Amino acid sequence: MTNDPVLFGKVSRFVGSLAQCNTLGIKTVQAVPNQLILELPYSDAIIGNPYTGVIHGGAITTLMDTASGSVVICGLEEFELCPTLDLRVDYMHAAAPGESVFAKATCYKITKNIIFTRCLAYQGANEEPVAQCVATFMRIGAEATPLPFRQMIMGTDLLEERSNEDANQQGQV
Amino acid sequence: MDLRELVTRAHDSGDYSELIATIPYAVTIGVECERFGDEVMFKLPRKKSNIGNPILPAIHGGVIGGFMEISASLYLVMFQDTPKLPKIVDISLDYLRAGLDRDTYVECKLTRQGSRVANVIVTAWQKSRNEPIALARAHFLFS
Numbered sequence: 000m001t002n003d004p005v006l007f008g009k010v011s012r013f014v015g016s017l018a019q020c021n022t023l024g025i026k027t028v029q030a031v032p033n034q035l036i037l038e039l040p041y042s043d044a045i046i047g048n049p050y051t052g053v054i055h056g057g058a059i060t061t062l063m064d065t066a067s068g069s070v071v072i073c074g075l076e077e078f079e080l081c082p083t084l085d086l087r088v089d090y091m092h093a094a095a096p097g098e099s100v101f102a103k104a105t106c107y108k109i110t111k112n113i114i115f116t117r118c119l120a121y122q123g124a125n126e127e128p129v130a131q132c133v134a135t136f137m138r139i140g141a142e143a144t145p146l147p148f149r150q151m152i153m154g155t156d157l158l159e160e161r162s163n164e165d166a167n168q169q170g171q172v
Numbered sequence: 000m001d002l003r004e005l006v007t008r009a010h011d012s013g014d015y016s017e018l019i020a021t022i023p024y025a026v027t028i029g030v031e032c033e034r035f036g037d038e039v040m041f042k043l044p045r046k047k048s049n050i051g052n053p054i055l056p057a058i059h060g061g062v063i064g065g066f067m068e069i070s071a072s073l074y075l076v077m078f079q080d081t082p083k084l085p086k087i088v089d090i091s092l093d094y095l096r097a098g099l100d101r102d103t104y105v106e107c108k109l110t111r112q113g114s115r116v117a118n119v120i121v122t123a124w125q126k127s128r129n130e131p132i133a134l135a136r137a138h139f140l141f142s
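Residue numbers (numbering that gives the first Met the number 0), protein chains in the order written: chain A, 0 to 172; chain B, 0 to 142.
Given below as structure tokens:
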């Protein structure tokens, strides 16, 4: 699937604004309508079992929470900061040490108040499953997020373009 | 030193930092543990790098989940006679309030200990125990 450059930009800027994601090195791989892929690189800082080098479930929870929370951007027109209501994670297999873990999140239902997502964490070209997660997010409205942050996520150019369009339309009237 | 020895030493000295330091992820987010009689409480001191929501600012939901998961597994290691870290099977997290940029506390309760699986209920709060910021249920496997 090819990347949607506009969505990719929005998601990358959003993920980049989260301190914990920068600490863990989580980055955006792909963003298309209603779906995205994030990558969690392997590092010593996220090891949970020092005897095996297997990464901690908490780092995978952070990866999946971020992926599920960010896929909301791929499902909505305007950027809204949506807090997590509920997150349920099933750990199916320990992640192989030394390799990145990827999270593919899908936004499968958007209602007026709630957004429903699911997410699969996997490794390797064969997409070996590591964990699966379903989550719900609360919609608190775009206005709840300060405008400068929204503009930063949406890309200021886009907003300018839109206001130019609005101005043109008004001009036509 | 094996895990059993570390736990015994921590129980004797009341200092759990050496035990926690064996888990790099716990060090990354900054988990601490303190004992009050037979009870233990876990603490996550406020830390800039744990922030998820830059606007409020609030702790990343994944960090809260990870903190609760680490607390539950350490709790099992401390109070069950297990020679190694239990494996997480699943965790179900309810986020009740924003975890603000301040210290967070966690308490665990063992609901059911079977021969292979344990069920733990975890409560996280900041301001008051009566106003939890998150609740979790988790299953762990001993094998």
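No residue lacks a Cβ here, since even glycine has one placed at the ideal position from N, Cα and C. For clarity, every value in this text was computed on a predicted model and none was experimentally measured.
Check, Outcome
"Per-residue contacts from R87(A) into chain B (C-beta, under 9 Å)", "D89, I90, S91 and L92"
"Nearest-angstrom Cα separation, counted from T135(A) out to T122(B)", "20 Å"
"For R8(B) and I28(B), the rounded distance between their alpha carbons", "23 Å"
"With 16 other Cβ atoms within 10 Å as the buried cut-off, status of M153(A)", "buried"
"Check whether V70(A) and C81(A) have beta carbons under 8 Å apart", "no"
"Residues that DSSP places opposite K108(A) in a beta bridge", "F115(A)"
"Residues sharing a beta bridge with A87(B), DSSP", "A quick correction: the sequence has Ile, not Ala, at residue 87(B). The partner list for I87(B) (beta bridge, DSSP) reads F139(B)."
"Touching by the beta-carbon criterion (3+ pairs, under 8 Å), the segment 128-135 of chain B and the segment 86-102 of chain B", "yes"
"Buried versus exposed, by CB contacts within 10 Å (16 or more), L146(A)", "exposed"
"Cβ-Cβ distance between D64(A) and L86(A) below 8 Å", "yes"
"Of the residues R117(A), P128(A) and H55(A), the one placed nearest A104(A), counting alpha carbons only", "R117(A)"
"Extent of the continuous alpha helix (DSSP H) run through M77(B)", "G60 to F78"
"Those runs of the beta strand (DSSP E) which lie wholly inside the segment 108-134 of chain B and span at least 3 residues", "116-124"
"Distance, V105(B) Cα to N112(A) Cα", "30 Å"
"Other residues of its chain near C106(A): CB distance less than 8 Å, five sequence neighbours each side excluded", "N33, Q34, V70, V71, C73, G74, I114, F115 and T116"
"Where N21(A) sits in the DSSP three-state scheme", "helix"
"Opening and closing residue of the alpha helix (DSSP H) in which A25(B) lies", "P23 to I28"
"Beta-carbon gap between G52(A) and E68(B) smaller than 8 Å", "no"
"C-beta neighbour in chain A for N118(B), strict 8 Å", "no"
"Three-state secondary structure assigned by DSSP to F78(A)", "coil"
"Within-8 Å CB hit, S142(B) to chain A", "no"
"Check whether V26(B) and E33(B) have beta carbons under 8 Å apart", "no"
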